[in-house]
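Asks: Numbering (my numbering), first residue to last: 5 to 164. A virtual CB, placed ideally from N, CA and C, is assigned to each residue, including glycine.
In structure tokens, the structure reads:
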């Protein structure tokens, strides 16, 4: 691979890592909302619709945690690649991606045919950013259902 292409791959990986790093902020907000939903479920007497909305908020919070874990893992991997590919002498990007795929197969049991060419970096970045979108959507569902529970409770108590 030409040095300019490798430099571009390093920049692409660094940008992907930076974007995925934003998931940490989403995760912190989600953890706060998860604590609120669980506290409300455990400490207050709630009606069935309110409890359902709180449980939905908690479930969305747990889904968000999964996506946050995956985004953080991918951010670390892309950071590693960005650092590695920006050094001289230029490493073999294809060999790095292939070794990573074999490691996925070994560590997580993912089925990667040994003769298959490694997935291109752009495809990996798109997949990682899709995880960040899923994390954001889970957080949005978590927040919406928590707000729905609060509004339902306010309507039921006749609060102004």
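Using the rule of at least 16 other Cβ atoms within 10 Å of the residue's Cβ for burial, across every protein chain shown, is residue 143 buried or exposed?
Replies: Its Cβ being crowded by 16 or more others within 10 Å, residue 143 is buried.
Asks: Shortest alpha-carbon distance to residue 160 belongs to which of 54, 99, 18, 70?
Replies: The shortest Cα separation from residue 160 among 54, 99, 18, 70 belongs to 54.
Asks: Taking 8 Å as the threshold (C-beta atoms), are residue 94 and residue 10 in contact?
Replies: Taking 8 Å as the Cβ cut-off, residue 10 and residue 94 qualify as a contacting pair.
Asks: For a test of the three-state rule: what should DSSP assign to residue 90, helix, strand or coil?
Replies: Residue state, collapsed to three classes: coil.
Asks: Expressed to the nearest angstrom, what Euclidean distance is found between the alpha-carbon atoms of residue 13 and residue 162?
Replies: When rounded, the distance between both Cα atoms is 58 Å.
Asks: Residue 153 by DSSP, collapsed to three states: which one?
Replies: In this structure, residue 153 counts as helix in the three-state DSSP scheme.
Asks: Tell me which residue opens and which closes the alpha helix (DSSP H) that residue 12 is part of.
Replies: Element bounds for residue 12: 7 to 25.
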